[in-house]
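In the numbering used here, the protein residues as written are 16 to 344.
What follows is the structure, given as structure tokens:
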């Protein structure tokens, strides 16, 4: 069978799709049946594996490095609610099915495709372009293109562009100018690069709660963080990137305020967004999440750049603080 090396930030799902296309495998053909037995497994024995383990075994790849650098698992599984044991490293078999089942957004950058062709290798699916909330290419600073074909991963980016919609400058430019959105993308990249195992939900929730309190945000379990995030994110970005944000149950905490309660499961991407809302420095924020450290409440602590510090008071009403506190130096 024909193989090529994994390229920088290449989505592993797309890589497997390329292998299938390069070897003319039909959709119903199982790749694991074409690769032969795993190392140490006798010919003809029952295969208890998946495409992920079959490919990395065939190419002698490090599973932890593949999961960390070529899948969305370090983000989509970045928070663990398991209380009985320490979170397991991403290289363990339990994560393989998540590496192969996460449905990517199918977004590509037309400039990246041209760059790939100029560099002499096939255009490929970038992992960072598939993350919820990522609407532009950080390398070329241009809006991404959403492909619509269901078989896009097998077709590859070029063929997938035959049925696609380009995001417009009108929609994307306000996002590129929104500090919270750009910090969110920075936080996501750092989580993907730094984590080798999930964060503990209790530690992450405690850290975010303490940080909110240090900024003077009165967490009443209802809408305090939600009010802030809606003030500082443009247009329909929230509803498109975070579907939970449009589901309202008045008697319960909002979709983003739930991250301050460790017993309530939330999308890990929501943790990343709350982190971007509460810290001005993404590097400091991710370090605080990983270590579970945060400063004590400080009445002089100012809000991160781009955040209008309107908070929910004890009476349930909103109270705007002076706009002079909005910017950090």
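For each residue, glycine too, the CB sits at the ideal point set by N, CA and C. Just so it is clear, the structure is predicted and the values come from calculations on it, not from any experiment.
Coil, strand or helix - residue i by DSSP
i	result
residue 179	strand
residue 162	strand
residue 55	Annotation note: pLDDT 49 at residue 55 (below 50); position unreliable, no value reported.
residue 61	Caution is warranted here: a pLDDT of 39 is assigned to residue 61, below 50, making its placement in the model unreliable, and the coordinate value is therefore given only provisionally. In the structure shown, residue 61 sits in coil (DSSP, three-state: anything other than H, G, I, E or B).
residue 247	helix
residue 112	helix
residue 141	strand
residue 94	strand
residue 122	strand
residue 314	Caution applies to residue 314, whose pLDDT of 43 falls short of 50 and renders its modelled position unreliable; the model cannot decide the point.
residue 17	coil
Cα-Cα separation between residue i and residue j, rounded to whole angstroms
i	j	result
residue 158	residue 187	6 Å
residue 47	residue 82	18 Å
residue 301	residue 208	11 Å
residue 182	residue 161	7 Å
residue 155	residue 250	23 Å
residue 68	residue 75	10 Å
residue 94	residue 298	18 Å
residue 124	residue 149	11 Å
residue 268	residue 185	33 Å
residue 312	residue 231	For residue 312, the predicted structure reports a pLDDT of 43, less than 50, and the residue's modelled location is therefore unreliable. A value from the coordinates is still provided. Between residue 312 and residue 231, the C-alpha separation is close to 8 Å.
residue 110	residue 217	21 Å
residue 174	residue 292	38 Å
residue 97	residue 288	22 Å
residue 202	residue 212	16 Å
residue 16	residue 122	28 Å
residue 71	residue 86	13 Å
residue 137	residue 271	40 Å
residue 388	residue 45	No statement about residue 388 is possible, as the shown extent of the chain runs from 16 to 344 and does not include it.
residue 210	residue 262	30 Å
residue 73	residue 84	18 Å
residue 248	residue 39	45 Å
residue 255	residue 41	34 Å
residue 294	residue 225	12 Å
residue 204	residue 50	33 Å
residue 167	residue 233	46 Å
residue 147	residue 241	18 Å
residue 276	residue 133	49 Å
residue 101	residue 21	31 Å
residue 259	residue 77	35 Å
residue 176	residue 189	25 Å
residue 29	residue 120	12 Å
residue 307	residue 290	13 Å
residue 227	residue 103	29 Å
residue 273	residue 246	18 Å
Integer Cβ distance of residue i from residue j, believed to fall under 8 Å
i	j	result
residue 286	residue 219	6 Å
residue 222	residue 90	Actually they do not touch by this definition, with Cβ atoms about 18 Å apart.
residue 88	residue 108	Contact doesn't hold; Cβ gap of about 12 Å is too wide.
residue 126	residue 139	Not confirmed; about 14 Å, so no contact.
residue 151	residue 115	Contact doesn't hold; Cβ gap of about 27 Å is too wide.
residue 172	residue 128	6 Å
residue 142	residue 296	That belief does not hold up - the Cβ atoms of residue 142 and residue 296 are roughly 24 Å apart, past 8 Å.
residue 31	residue 66	6 Å
residue 169	residue 36	5 Å
residue 200	residue 153	7 Å
residue 26	residue 145	6 Å
residue 180	residue 163	7 Å
Residue interval of the alpha helix (DSSP H) (run including residue i)
i	result
residue 217	216–229
residue 252	252–256
residue 191	184–191
residue 289	283–293
residue 105	Neither: residue 105 is in no alpha helix (DSSP H) and is coded neither H nor E.
residue 34	27–37
residue 71	66–73
residue 132	125–133
residue 195	194–209
residue 345	Shown here, the chain extends from 16 to 344; a query on residue 345 therefore has no answer.
residue 167	167–170
residue 85	78–85
residue 306	297–306
beta-carbon residue i near the ligand GTP non-hydrogen atom, thresh 8 Å
i	result
residue 78	With respect to the ligand GTP, the structure offers nothing, as it holds no ligand at all.
- Hey, is the stretch 188–207 in contact with the stretch 272–281, meaning 3+ C-beta pairs nearer than 8 Å? no
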